[in-house]
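Accompanying notes for the structure given below.
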Amino acid sequence: MIPYGRQDIDEADLAAVRDALSSDFLTQGPRVGIFEDKIAQVAGAKHAVAANSATSALHMAYLALGLGPGDILWTSPITFVATSNAALYCGAEVDFVDIDPVSFNLSVDSLKQKLVEAEREGKLPKIVAPVHLTGQSADMREIGELAREYGFRVVEDASHAIGASYLGEPVGNGRYSDITVFSFHPVKIITSGEGGMAVTNDPELAQRLRLFCSHGVTRDADLMEARDEGPWYYEQVELGYNYRMTDIQAALGASQSARLESFIARRHEIADTYDRLIDSNLVSTPVRLPDRHSSLHLYVVQIAGGAEKRRQVFEGLRGAQIGVNVHYIPVYHQPYYRKLGFEIGYCPMAEEYYSGAISIPMYPTLQEDEQTFVVDTLHRAVNG
Ligand SMILES: *Cc1c(COP(=O)(O)O)cnc(C)c1O
9 MIPYGRQDID EADLAAVRDA LSSDFLTQGP RVGIFEDKIA QVAGAKHAVA
59 ANSATSALHM AYLALGLGPG DILWTSPITF VATSNAALYC GAEVDFVDID
109 PVSFNLSVDS LKQKLVEAER EGKLPKIVAP VHLTGQSADM REIGELAREY
159 GFRVVEDASH AIGASYLGEP VGNGRYSDIT VFSFHPVKII TSGEGGMAVT
209 NDPELAQRLR LFCSHGVTRD ADLMEARDEG PWYYEQVELG YNYRMTDIQA
259 ALGASQSARL ESFIARRHEI ADTYDRLIDS NLVSTPVRLP DRHSSLHLYV
309 VQIAGGAEKR RQVFEGLRGA QIGVNVHYIP VYHQPYYRKL GFEIGYCPMA
359 EEYYSGAISI PMYPTLQEDE QTFVVDTLHR AVNG
């Protein structure tokens, strides 16, 4: 089976994890801070807070921005359920903004329209969470302008997009957002096993992210009511969680980050090869926009001819031991969201995208003969 994505672990990664395992700390040791510094540097952000997953980091980010009951968070329907679930954890409501027909990211036009209506109804979102689908940034400058105009906060779900850039600057530098979240799940660009990170330039938000990451407990005198009872003293000032990353995970993540650039360069080579091999009369290939550099987590092709045709092509590829996937089923299709009142068809562009999407294999160690096999099988499946 050729999977749709997989990690690439080398000797240096193994050595880093072995060192962590034989050190004094398996968790809350020095390696988490080292990994945080590396990611802050890659992202061009002042602060980074590691977590045990991007899902946890999204939850921490929403809590740090004060999302709670009575608030609304908007995101793209074409994302993993975690982006919106984390808002439900906060007791907030969720709503979906339809996607752009070219990039398949959250559409700025749909966002504008929805904001005008929401303002009229007094139902403006507290947070908008754009998702950088496949590793290509959403239109952050325009989203940032709307954030100022309408007074919402912005959390970038950059789970696919560590190492990507937008208008010449790294994704995560916070020019157009409050907090950016990355994932280090093994199918993503670099991995820590499970793991995620939230980055921000705001020192107060960073402090709040850390609080929610670790039980809401602090030893920082500035955050305490400060009845200092002795050197053992700490205070719980928020209802936080245990979302901490271990030193074992951080060792792997920090070691992997040394190869981030080469991983992304290799992903672009693979995409170039697919672009060249795939017959664009049969299958449409993803668009790489010229003003931003994708980290190419996924290579999503579009099959024309509707959902039945897509299913037939998908099954043809799986039948040939090619581990294709679909990213994503619109979140509001999920039974849990249907029970919240959403209906299939809610976002027409997302429906259109979903009915044709197939993610074909994309990972650094994918070989050219494997790519040829994938594309030949794809062409046969579309013609058959
Ligand atoms: C992978 C992913 C997540 C969740 O990441 P975990 O680290 O697995 O919790 C969230 N959002 C998107 C868009 C993702 O792809």
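Just so you know, we're using our numbering here: the sequence shown kicks off at 9 and counts up by one.
Note that CB positions come from ideal geometry on N, CA and C, so glycine has one too.
Span separating the alpha-carbon of residue i from that of residue j
i: Asp21; j: Phe350; result: 44 Å
i: His168; j: Thr83; result: 15 Å
i: His55; j: Val334; result: 34 Å
i: Gln257; j: Arg149; result: 33 Å
i: Arg274; j: Gly201; result: 21 Å
i: Pro372; j: Ala126; result: 43 Å
i: Thr385; j: Ile330; result: 9 Å
i: Glu277; j: Ala229; result: 51 Å
i: Met232; j: Pro298; result: 49 Å
i: Ser118; j: Ala155; result: 14 Å
i: Asn209; j: Ser185; result: 10 Å
Endpoints, the alpha helix (DSSP H) within which residue i is located
i: His67; result: Ala62 to Ala72
i: Leu213; result: Pro211 to Cys221
i: Ile256; result: Asp255 to Ser265
Any non-hydrogen atom of ligand 1 closer than 6 Å to residue i Cβ
i: Gly248; result: no
i: Phe88; result: yes
i: His341; result: no
i: Gly13; result: no
i: His193; result: yes
i: Ala59; result: no
i: Ser167; result: yes
i: Thr142; result: no
i: Val139; result: yes
i: Ala62; result: yes
Short Cβ contact (7 Å threshold) for residue i with residue j
i: Ala389; j: Gly314; result: no
i: Ala59; j: Tyr251; result: yes
i: Leu285; j: Gly143; result: no
i: Ile198; j: Ser265; result: yes
i: Leu217; j: Met68; result: yes
i: Gly204; j: Ser222; result: no
i: Asp45; j: Lys134; result: no
i: Cys355; j: Phe104; result: yes
i: Val308; j: Ser363; result: no
i: Asp255; j: Arg26; result: no
i: Thr91; j: Val139; result: yes
Residue range of the unbroken beta strand (DSSP E) whose run includes residue i
i: Asp165; result: Arg161 to Asp165
i: Ile151; result: It is not in any beta strand (DSSP E) - Ile151 instead sits in the alpha helix (DSSP H) that spans Met148 to Tyr158.
i: Met6; result: With the chain running from 9 to 392 in the structure shown, residue 6 is simply not present.
i: Asp103; result: Glu101 to Phe104
i: Ser191; result: Ile187 to Ser191
i: Tyr242; result: Element bounds for Tyr242: n/a, residue is neither H nor E.
Neighbour flag for residue i against chain D, beta carbons, 7 Å
i: Asp283; result: Considering every chain present, this structure includes no chain D. It has just one protein chain.
Neighbourhood of residue i by C-beta, 8 Å cutoff - its chain only, sequence neighbours within 5 removed
i: Ile42; result: Ala258 and Ala262
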